[in-house]
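**Q** Chains as they are written, first to last, in numbering that gives the first Met the number 0: chain R, 0 to 110; chain A, 0 to 108; chain X, 0 to 372; chain V, 0 to 534. Glycine is no exception: its CB is placed at the ideal position from the N, C-alpha and C atoms. The structure presented is a predicted model; accordingly, all values stated were derived computationally and were not measured.
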Amino acid sequence: MKECVIRRTAAKEPFMAKLEDSMIVCRCEEITKGEIRQAVYDGMMTMNEVKRYLRTGMGLCQGQSCSRKVRDIIAEEMSVPRETIEISSARNPIRPVPMSIYANDKACKRR
Amino acid sequence: MYRIENHPILHQFDKGQRVSFLLDGKEMEGFAGEPIAIALRNSGVLVHRYTAKRAEPRGIFCAIGRCNDCVMIVDGTPNVRTCVTPLQAGMNVETQYGIQSRGAAENND
Amino acid sequence: MSKADVIIIGGGVIGCAAAYYLQKNGVQVLVLEKDEIGAGSSSRNGGGVRQSARNIRELPLAMYAVRNMWPVLGEELGVDIEYCQQGNLRLGKTVEHERILQQLVAQGQATGLDMVMLTAAQVREICPHIAEEVTTASFCPTDGHANPLISTLAFYKKAREMGTEFITGEQVQALTLRRGKIAGVLTARGKYEASTVIVAAALNSRAIINSIGVDIPLQSSLIECLVTDAQPPMFPYMIGTAPANFYGHQTSHGSFVFGGSSGLEPYGPNVEQPISQPLTPPAICRAVLGYFPILGRARVVRTWSGFLDKTPDLLPVISKVTDISGLILACGFSGHGFGIAPIVGKLLSELVEEKTLTLPLDAFSFGRFKPFM
Amino acid sequence: MIRYEVIVIGAGPAGLSAAIEAAAHGLQVLVFDENAKPGGQLFKQIHKFFGSKEHQARERGFRIGEKLLAEALGLGVKVILGAQVIGIFAHRQVTVMQGDHMEYYVGNSIIIATGATENVISFSGWTLPGVIGAGAAQTMMNIHGLRPGKKVLMVGSGNVGVVVGYQLIQAGCQIAAVIDGAPHIGGYGVHAAKIARMGVPFYLSHTILQAHGTKSVSGATIVEVDSFWQPVPGSEKNLDVDVICLAVGLSPLAELPRLAGCRMQDNPLKGGLVPVCNQYNETTVKDIYMAGDAAGIEEASSAMIQGRITGNAIAHQHGYIENTEFDQCHTKYQGALNQLRAGMFKRDSRKETGLRYTQEGYTLSKTLLTKGFLSTSELSVFPGIPTEVRRRQGVTPIIECTQNIPCNPCQDVCPKGCIKIGDKITNLPVMSASSCLGCGLCVASCPGQAIFLVDETYEDQFAAVTIPYELVPLPGEGSKGVACDRAGIPLGEAEVIHIRTTAYNDGTALLTMKVPIEWAMEARFFKPDHIGEGG
Numbered sequence: 000m001k002e003c004v005i006r007r008t009a010a011k012e013p014f015m016a017k018l019e020d021s022m023i024v025c026r027c028e029e030i031t032k033g034e035i036r037q038a039v040y041d042g043m044m045t046m047n048e049v050k051r052y053l054r055t056g057m058g059l060c061q062g063q064s065c066s067r068k069v070r071d072i073i074a075e076e077m078s079v080p081r082e083t084i085e086i087s088s089a090r091n092p093i094r095p096v097p098m099s100i101y102a103n104d105k106a107c108k109r110r
Numbered sequence: 000m001y002r003i004e005n006h007p008i009l010h011q012f013d014k015g016q017r018v019s020f021l022l023d024g025k026e027m028e029g030f031a032g033e034p035i036a037i038a039l040r041n042s043g044v045l046v047h048r049y050t051a052k053r054a055e056p057r058g059i060f061c062a063i064g065r066c067n068d069c070v071m072i073v074d075g076t077p078n079v080r081t082c083v084t085p086l087q088a089g090m091n092v093e094t095q096y097g098i099q100s101r102g103a104a105e106n107n108d
Numbered sequence: 000m001s002k003a004d005v006i007i008i009g010g011g012v013i014g015c016a017a018a019y020y021l022q023k024n025g026v027q028v029l030v031l032e033k034d035e036i037g038a039g040s041s042s043r044n045g046g047g048v049r050q051s052a053r054n055i056r057e058l059p060l061a062m063y064a065v066r067n068m069w070p071v072l073g074e075e076l077g078v079d080i081e082y083c084q085q086g087n088l089r090l091g092k093t094v095e096h097e098r099i100l101q102q103l104v105a106q107g108q109a110t111g112l113d114m115v116m117l118t119a120a121q122v123r124e125i126c127p128h129i130a131e132e133v134t135t136a137s138f139c140p141t142d143g144h145a146n147p148l149i150s151t152l153a154f155y156k157k158a159r160e161m162g163t164e165f166i167t168g169e170q171v172q173a174l175t176l177r178r179g180k181i182a183g184v185l186t187a188r189g190k191y192e193a194s195t196v197i198v199a200a201a202l203n204s205r206a207i208i209n210s211i212g213v214d215i216p217l218q219s220s221l222i223e224c225l226v227t228d229a230q231p232p233m234f235p236y237m238i239g240t241a242p243a244n245f246y247g248h249q250t251s252h253g254s255f256v257f258g259g260s261s262g263l264e265p266y267g268p269n270v271e272q273p274i275s276q277p278l279t280p281p282a283i284c285r286a287v288l289g290y291f292p293i294l295g296r297a298r299v300v301r302t303w304s305g306f307l308d309k310t311p312d313l314l315p316v317i318s319k320v321t322d323i324s325g326l327i328l329a330c331g332f333s334g335h336g337f338g339i340a341p342i343v344g345k346l347l348s349e350l351v352e353e354k355t356l357t358l359p360l361d362a363f364s365f366g367r368f369k370p371f372m
Numbered sequence: 000m001i002r003y004e005v006i007v008i009g010a011g012p013a014g015l016s017a018a019i020e021a022a023a024h025g026l027q028v029l030v031f032d033e034n035a036k037p038g039g040q041l042f043k044q045i046h047k048f049f050g051s052k053e054h055q056a057r058e059r060g061f062r063i064g065e066k067l068l069a070e071a072l073g074l075g076v077k078v079i080l081g082a083q084v085i086g087i088f089a090h091r092q093v094t095v096m097q098g099d100h101m102e103y104y105v106g107n108s109i110i111i112a113t114g115a116t117e118n119v120i121s122f123s124g125w126t127l128p129g130v131i132g133a134g135a136a137q138t139m140m141n142i143h144g145l146r147p148g149k150k151v152l153m154v155g156s157g158n159v160g161v162v163v164g165y166q167l168i169q170a171g172c173q174i175a176a177v178i179d180g181a182p183h184i185g186g187y188g189v190h191a192a193k194i195a196r197m198g199v200p201f202y203l204s205h206t207i208l209q210a211h212g213t214k215s216v217s218g219a220t221i222v223e224v225d226s227f228w229q230p231v232p233g234s235e236k237n238l239d240v241d242v243i244c245l246a247v248g249l250s251p252l253a254e255l256p257r258l259a260g261c262r263m264q265d266n267p268l269k270g271g272l273v274p275v276c277n278q279y280n281e282t283t284v285k286d287i288y289m290a291g292d293a294a295g296i297e298e299a300s301s302a303m304i305q306g307r308i309t310g311n312a313i314a315h316q317h318g319y320i321e322n323t324e325f326d327q328c329h330t331k332y333q334g335a336l337n338q339l340r341a342g343m344f345k346r347d348s349r350k351e352t353g354l355r356y357t358q359e360g361y362t363l364s365k366t367l368l369t370k371g372f373l374s375t376s377e378l379s380v381f382p383g384i385p386t387e388v389r390r391r392q393g394v395t396p397i398i399e400c401t402q403n404i405p406c407n408p409c410q411d412v413c414p415k416g417c418i419k420i421g422d423k424i425t426n427l428p429v430m431s432a433s434s435c436l437g438c439g440l441c442v443a444s445c446p447g448q449a450i451f452l453v454d455e456t457y458e459d460q461f462a463a464v465t466i467p468y469e470l471v472p473l474p475g476e477g478s479k480g481v482a483c484d485r486a487g488i489p490l491g492e493a494e495v496i497h498i499r500t501t502a503y504n505d506g507t508a509l510l511t512m513k514v515p516i517e518w519a520m521e522a523r524f525f526k527p528d529h530i531g532e533g534g
């Protein structure tokens, strides 16, 4: 939540790799669990920050498949309840729209 | 091969006309109007594309147009969701490598 | 609560860059951000790193950054910021467009920029995908683009690694003074002390400095961007047009980012958060397809809007507030702050440390609005 | 800009019900759906629904879909298909992609009924072709008439997992196993029992470790997990499957209310992020309403009532009905909803551990919760199981319904009133009167397929056992096969002595088999001889 205050200082311990790090989490952009864990270690502590840093949820499906998993991983890395991690902002269009169709907008033609 | 000929509850499935189309230049068959992915699956084709970064195979996952994993190049347009795009006679369907056809992807290298 | 040498209000690209250059010199920095890192314009702009068609007073900053900072920034910060210096191509279709572009080229050349006009054939040669009607273009080969989302986070990441403390979700409500000098800031949770405060909070800067009777003229303006799915590589340039009806580029990921407006935005609802307008993406798409019909099949996967923080002369305020010791302003970037962010960060560190400035900041002084205020 | 009084987004059970309710009160209603066919998930749901008459119990989902659609169209509701709503903007403006262009609409009220999206779990190889969502399996087989593969591993034992597992078998697939990380089967025991008696093994406290294969799934490794969800070394099992089906829950599809600026809450009981709504399903943004799974995961029957509640509220809001009628309708719908939300599977008690007793105080079957079938020894205590003495008097229903599910068609259909549930529809059915005609209506009507007829007086040393049967080909009278017990274990030879199919029973055949009398209380499935011979 935006109201959630996060103090961010450099990590003191070195990053520890885990066995399941190579597993794909974001199917569209092929982002692994390890990359997400590393991003959190690097200071990306919200879903939007991880998204901007790694492109998780920026692919064709716009996070429909992975956002819950990404959130769980961030929460786990930060040792906070998952409910405290806000889901990435919702954006138009909620389905991909070809530019030719977006441009073909009847309201404007009628003017 | 995977078609349900006689279903205990739904009995027969109303299918359109049998049509042929191309997959990577090879002639395939399916029913007009059914999703491209269904026609492919019936012919045993599971791999729709290879991913951009790791070149891993992908196919149908959600089958309702949400996940975008089943995208292929259809009549030259990449990223077409084959699970919700109706098959038409003579369609040219190509396996997608990253966002390109195999030939185009190889020319980049 | 916390104590630091310098408090920076605003965790956008300007605040993070300033934090990085200060911390690099051993100055202890605390960054307070009301939202999250890069939540405002820093993550909502088109990513242009452009000198051409820039206000002549701002141009030295852009030229310095392009020459000395952007090419090595990714390596310095340890993150690939997707900087691509392949030029800015500005396209035109009519005689009127050609006149506009020629004027821009002449201006650029006069200030030492390597800009040229291209013939229709030349444009087509370097950018085969343009519409047939495109007859003219200007080109600035040293312009380019970078990923603004990652660049902002890269400054943040490096500054944090070096010891800067960032607190997000912490909204500054007021500045505090002690014996006429800056003493720190107040938030809903408490106060933070520092003898120097940099206000780099875009539109919110105004309310913050108002708390101690300082004001600058700032106006918000909504603009919108859209991004497509990945497309095969088409061109590496930053694209603009003579009528300036859209701008954008293809990212290293393959997707296209385009920005623009429908013209209706100033008349939209008065809102606190940037809200997308229904008619803007269609307007951007029509503008783009007028120059790149091939992109008709590209799918828009996301749109977003953001506020510009505009000043009357469309130049930022990068300045000490002369009558209040310890207060430094860095706001009012008017929609073109990203490309100059590295040098602005560096200049802010020099202001704080009272060093010789790499470039003069006279054009961006707080004082220039004094008669107006 | 085209204005409607009500714009409904999503033509599934919730959206159509809301549209019907609003239109019935006189409002002008427009419904959008992005799919080529309306009905949402209903058209994939070929099983019979639970509930009571007012919830359309014992109807198959797709038939309910057909009825809803006809009713909506009859009331003048306009339904636009293949229309993707891509955003909601200020003042309830809706932007819609229709064919090759965009259209702009505005609604005096908007109802968001966009349903749910499937959750996923990730494991090594989970991106391989052949790993699919349970919804994908349903779409492929029940909409497009295609088997998703030959042999399936079902991950998840909730209702979706066990129902889709059953449907996969109906479509002609084999189920290698149903696994779940939890120690108990998540779905209704009766759904699990349907596939357990066909021989499907359940592995509880198991998770999938890996999908094997280079280009598509060629197998899977599953592993037992301890109470901390850690794999137990040495417990790995390899399964020979070509499909891995994920049925690990649903999340509300709530992007549109977020775009519209509705206040959201993260509510695990509702399946995730949902808009905050009042009792009439209105969000915090005035005149934007929700209905169905998009506002919180339940199931289709609840979604339909939620739609009614929303439609009723909007009719009142716009002055089409007065306070009294509005209150009456609302109370009626709320009551129907409360019935569905009662019982041991109600949404706020589902995750409770210690599922041990029914609301009547009977001890729940442990084997049902862990293996998917009732053991004979646990069975006898339940009120639907007639005594031995009663069974010797002739044909009698055996009601193997042992969990508090909101459902009562068995009570409704019995012409002799042999089965009693009472007003509280989650009560376990009680076998009472002794006047059973052997009509089998209860057998075919039970959505859980948990009622069987047993006639221990059929012949000397032989009993006749009548089971519900929904597979093809339907064995003919006189054909031989194998009787299986509740765990799917073959007991021995059985002969089909009677087959009854009626339109009323809608695809559920009543198969009566002759078995040695000692299997009368064991034999619950008939496997024709040809099954398992490479078919």
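Three Cβ pairs or more, each shorter than 8 Å: is that satisfied between the segment 56-76 of chain V and the segment 7-20 of chain V?
**A** Verdict: yes, contact present.
**Q** Quick one: measure Cβ to Cβ for X/E223 and X/T302, integer angstroms, because I've assumed they're closer than 8 Å.
**A** Taking the third sequence and counting its residues from 1, the one referred to as residue 223 of chain X is at position 224. Taking the third sequence and counting its residues from 1, the one referred to as residue 302 of chain X is at position 303. Yes, they are in contact, since the Cβ atoms of X/E223 and X/T302 sit about 6 Å apart, within 8 Å.
**Q** Under the three-state reduction of DSSP, which class applies to X/H248: helix, strand or coil?
**A** Here residue 248 of chain X refers to the residue found at position 249 of the third sequence. In the structure shown, X/H248 sits in a strand (DSSP, three-state: E or B).
**Q** Does the separation of the CB atoms of X/Y191 and X/I36 fall below 8 Å?
**A** Numbered from 1 along the third sequence, position 192 holds the residue referred to as residue 191 of chain X. Numbered from 1 along the third sequence, position 37 holds the residue referred to as residue 36 of chain X. No, Cβ-Cβ distance for X/Y191 and X/I36 is not below 8 Å.
**Q** For X/Q230, which residues in chain A fall below 7 Å Cβ to Cβ?
**A** Within the third sequence, numbered from 1, the residue matching residue 230 of chain X stands at position 231. In chain order: I98.
**Q** Have a look at the DSSP bridge pairing and note the partners of V/G86.
**A** Taking the fourth sequence and counting its residues from 1, the one referred to as residue 86 of chain V is at position 87. Beta-bridge pairing links V/G86 to V/T94.
**Q** Can you tell me whether X/L72 is helix, strand or coil according to DSSP?
**A** Locating residue 72 of chain X in the third sequence gives position 73, where the first residue counts as 1. It is helical.
**Q** Please tell me whether V/I8 has its Cβ less than 8 Å away from any Cβ of chain A.
**A** Residue mapping note: residue 8 of chain V aligns to position 9 of the fourth sequence, counting from 1. It does not; no Cβ of chain A falls within 8 Å.
**Q** Which one of X/K369, X/T357, X/D361, X/S348 has the shortest CA to CA distance from X/C15?
**A** Mapped onto the third sequence, residue 15 of chain X falls at position 16. Among X/K369, X/T357, X/D361, X/S348, the Cα nearest to that of X/C15 is on X/S348.
**Q** Between V/A18 and V/G480, is the Cβ-Cβ spacing less than 8 Å?
**A** Start at 1 with the first residue of the fourth sequence, and residue 18 of chain V comes out as number 19. Start at 1 with the first residue of the fourth sequence, and residue 480 of chain V comes out as number 481. Their beta carbons are not under 8 Å apart, which means V/A18 does not touch V/G480 by this criterion.
**Q** Give the secondary structure of V/Y468 by DSSP, where H, G and I count as helix, E and B as strand, and everything else as coil.
**A** On the fourth sequence, position 469 is the one that residue 468 of chain V refers to. Reduced to three states, the DSSP call for V/Y468 is strand.
**Q** Measuring CB to CB, does X/I208 end up less than 8 Å from X/L176?
**A** The sequence position of residue 208 of chain X within the third sequence is 209, counting from 1. The sequence position of residue 176 of chain X within the third sequence is 177, counting from 1. No, Cβ-Cβ distance for X/I208 and X/L176 is not below 8 Å.
**Q** If we call anything under 8 Å between Cβ atoms a contact, is A/N67 one with R/C27?
**A** Mapped onto the second sequence, residue 67 of chain A falls at position 68. Mapped onto the first sequence, residue 27 of chain R falls at position 28. Yes, these two residues count as a Cβ contact at 8 Å.
**Q** In three-state DSSP terms, what is X/C126?
**A** As a first step, residue 126 of chain X must be located in the third sequence, where it is residue number 127. Looking at X/C126 - three-state DSSP - the assignment turns out to be coil, as it is neither helix nor strand.
**Q** Looking at the strands, I want to know which residues DSSP matches up with X/P316.
**A** Locating residue 316 of chain X in the third sequence gives position 317, where the first residue counts as 1. The question names Pro, but residue 316 of chain X is Val in the sequence shown. The partner list for X/V316 (beta bridge, DSSP) reads X/C330.
**Q** Taking just the CA atoms, how far does V/K526 sit from V/C483?
**A** Counted from its first residue, the fourth sequence places residue 483 of chain V at position 484. Counted from its first residue, the fourth sequence places residue 526 of chain V at position 527. C-alpha separation (whole angstroms): 7 Å.
**Q** Can you give the Cα-Cα distance for X/V343 and X/S261, rounded to whole angstroms?
**A** Residue 343 of chain X sits at position 344 when you count from the first residue of the third sequence. Residue 261 of chain X sits at position 262 when you count from the first residue of the third sequence. Whole-angstrom Cα-Cα distance: 31 Å.
**Q** Taking only three categories from DSSP, how would you classify X/A136?
**A** Stepping through the third sequence from its first residue, residue 136 of chain X is reached at position 137. Note: X/A136 maps to strand in three-state DSSP.
**Q** Please name the residue, chosen from V/F325, V/S250, V/A195, that lies closest to V/G164 on a Cα-to-Cα basis.
**A** Translated into positions along the fourth sequence, residue 164 of chain V becomes position 165. Among V/F325, V/S250, V/A195, the Cα nearest to that of V/G164 is on V/A195.
**Q** Thinking C-alpha only, which one of X/P341, X/D312, X/I327 is nearest X/R367?
**A** In the third sequence, the residue the question calls residue 367 of chain X occupies position 368. Ranking X/P341, X/D312, X/I327 by Cα distance to X/R367 puts X/D312 first.
**Q** Using a Cβ cut-off of 8 Å, which residues of the segment 274-299 of chain X contact any Cβ in chain V, in chain order?
**A** Those residues of the segment 274-299 of chain X that come within reach of chain V (Cβ to Cβ, closer than 8 Å) are I274, S275, Q276, P277, P281.
**Q** Would you kindly check if the distance between the Cβ of V/F122 and the Cβ of V/S156 is under 8 Å?
**A** Counted from its first residue, the fourth sequence places residue 156 of chain V at position 157. Counted from its first residue, the fourth sequence places residue 122 of chain V at position 123. Cβ distance not < 8 Å, so V/S156 and V/F122 don't count as in contact.
**Q** DSSP on X/F368, reduced to helix/strand/coil?
**A** Indexing the third sequence from 1 puts residue 368 of chain X at position 369. Three-state result, X/F368: helix.
**Q** With 7 Å as the C-beta to C-beta threshold (strictly closer), list the residues of the segment 247-271 of chain X near chain V in chain order.
**A** Cβ contacts with chain V come from P268.
**Q** Comparing C-alpha positions only, which one of V/G160, V/G148, V/A449 sits nearest to V/F540?
**A** Coverage of chain V is limited to positions 0 through 534, which leaves residue 540 of chain V absent and any answer about it impossible.
**Q** Establish whether the CB of A/I72 and some CB of chain V are separated by less than 8 Å.
**A** Residue 72 of chain A sits at position 73 when you count from the first residue of the second sequence. No, its Cβ sits nowhere closer than 8 Å to a Cβ of chain V.
**Q** Three-state secondary structure (DSSP) at V/R499?
**A** Counting from 1 along the fourth sequence, the entry for residue 499 of chain V is found at position 500. Note: V/R499 maps to strand in three-state DSSP.
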